[in-house]
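Residue numbers (our numbering): 1 to 275.
Even for Gly, the Cβ is constructed at its ideal location relative to N, Cα and C.
Computed from a predicted model, the values in this text were never measured in an experiment.
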């Protein structure tokens, strides 16, 4: 079965938005998940000049790319971060996205964060009118303290809205949750609304997230399981390479490495009849 498969521009952490869009389009993809994560990957941000946001939109149109989601991670446990997330929702609407993605806490570098289901549920309920106004669905990513789909599903069930679901990250389940991704997917599938398709080398906490098809996860099997259950969510590829590659300043040859990983991912999915 063919699927809507995007590439997260977070794959190009440390590169420019233009480099990300050009690499994704050159590989053959038609959809992107744009990244607007403060102090991490700021490819587009709500406080950028309108002229720059217009330029990015024009660039996407020129390359034949459509935005299906915005990664706009904010700490949803903190009431004073909810307005930042509302700004990200407006940005997602501007780019025509149908989904906005966030982890429960800060995506990276969060310190002294307190996590409680009831706080998260109440804060997310307060965001429901904004999701409706902006025509968005919220995917809560498997990440950090909520390291399995089953854990995120607790919050989703508490919110109890068709606008909110689990953003199931196939590799974060291993990295953060120490769980088997296929089993965890089965446990939360009824509450999933979006997938981060990410491969992994090593069934442990090692940071090694290669091109799709070059790791140890049965990603095709997971997709076929979802298809068999009549679940057809948007899929967004995220490649985070190794920690050294992702965190260091980029040097000559790194862009070619990123572009090749995106091309290899497209080829693998195409070979398996998924795109």
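Under the rule that 16 or more other beta-carbon atoms within 10 Å means buried, what is residue 37, buried or exposed?
Against the chain shown, residue 37 aligns to sequence position 37. It counts as buried.
Using a Cβ distance threshold of 8 angstroms, determine whether the segment 10-21 contacts the segment 229-245, with at least three qualifying pairs required.
Taking 8 angstroms as the limit for Cβ pairs, the verdict is that the segment 229-245 does touch the segment 10-21.
Note down, in chain order, each residue of its chain lying with its Cβ closer than 6 angstroms to the Cβ of residue 96, except the 5 sequence neighbours on either side.
Numbered from its first residue, the chain shown carries residue 96 at position 96. Answer for residue 96: 67, listed in chain order.
Enumerated in chain order, which unbroken segments of the beta strand (DSSP E) with a length of 3 residues or greater are wholly contained in the segment 126-192?
Taking only runs of at least 3 residues, the beta strand (DSSP E) segments lying wholly in the segment 126-192 are 137-141, 164-169.
Between the Cα of residue 26 and those of 262, 247, 1, 275, spot the shortest distance and give me the residue it belongs to.
Here the question's residue 26 lines up with position 26 in the chain shown. Per the Cα distances, 262.
Determine the closest residue to residue 159 out of 122, 19, 226, 22, with distance taken between C-alpha atoms.
Along the chain shown, one-based indexing puts residue 159 at 159. Looking at the Cα atoms, 122 is the closest of the given residues.
How about residue 88: is its C-beta nearer than 8 angstroms to some C-beta of chain D?
Absent here is chain D; the protein component of the structure consists of one chain.
Between the segment 122-139 and the segment 172-189, can you find at least three pairs of beta-carbon atoms closer than 8 angstroms?
Segments in contact, no.
Identify the residues that DSSP records as bridge partners of residue 67: which are they?
On the chain shown, position 67 is the one that residue 67 refers to. Looking at the DSSP assignment, residue 67 forms a beta bridge with 32.
In whole angstroms, what is the alpha-carbon distance linking residue 193 and residue 269?
Locating residue 193 in the chain shown gives position 193, counting from the first residue. Locating residue 269 in the chain shown gives position 269, counting from the first residue. When rounded, the distance between both Cα atoms is 20 angstroms.
For the beta strand (DSSP E) holding residue 235, just list the boundary residues, first then last.
Taking the chain shown and counting its residues from 1, the one referred to as residue 235 is at position 235. Segment 235-237, the beta strand (DSSP E) holding residue 235.
If distances are taken between C-alpha atoms only, which option among 149, 45, 206, 55 comes closest to residue 188?
By 1-based counting over the chain shown, the position of residue 188 is 188. The residue with the shortest Cα to Cα distance from residue 188 is 149.
When burial is assigned at 16 or more other CB atoms within 10 Å of the CB, is residue 89 buried or exposed?
Start at 1 with the first residue of the chain shown, and residue 89 comes out as number 89. Buried, because 16 or more other Cβ atoms sit within 10 Å of the Cβ of residue 89.
Determine the contact status of residue 58 and residue 32, defining contact as a CB-CB distance below 8 angstroms.
Translated into the one-based positions of the chain shown, residue 58 becomes position 58. Translated into the one-based positions of the chain shown, residue 32 becomes position 32. Cβ atoms of residue 58 and residue 32: not closer than 8 angstroms.
Taking just the CA atoms, how far does residue 34 sit from residue 69?
For the purposes of this step, residue 69 is taken as the residue at position 69 of the chain shown. For the purposes of this step, residue 34 is taken as the residue at position 34 of the chain shown. Near 6 angstroms, if we compare the C-alpha coordinates of residue 34 and residue 69.
So, at 6 angstroms on beta carbons, what are the nonlocal neighbours of residue 147 in its own chain, with the 5 sequence-adjacent residues on each side left out?
Indexing the chain shown from 1 puts residue 147 at position 147. 176, 177.
Per DSSP, which one or two residues make a beta bridge with residue 242?
For this step, residue 242 is matched to residue 242 along the chain shown. The partner list for residue 242 (beta bridge, DSSP) reads 208.
What is the residue span of the alpha helix (DSSP H) that residue 268 lies within?
As a working note, residue 268 is residue 268 in the chain shown. Residues 254-271.
With residue 215 and residue 199 assumed to form a contact (beta carbons below 8 angstroms), what rounded beta-carbon distance in angstroms separates them?
Sequence index remark: in the chain shown, residue 215 carries index 215 (1-based). Sequence index remark: in the chain shown, residue 199 carries index 199 (1-based). Rounded, the Cβ-Cβ distance is 3 angstroms, consistent with contact.
Where residue 130 and residue 85 are concerned, what is the direct C-alpha to C-alpha distance, given to the nearest angstrom?
Within the chain shown, the letter at position 130 stands for residue 130. Within the chain shown, the letter at position 85 stands for residue 85. Those two C-alpha atoms are separated by around 10 angstroms.
So which of 74, 94, 186, 168 has the shortest CA-CA distance to residue 124?
For the purposes of this step, residue 124 is taken as residue 124 along the chain shown, with counting starting at 1. Checked all of 74, 94, 186, 168; the closest Cα to residue 124 is 74.
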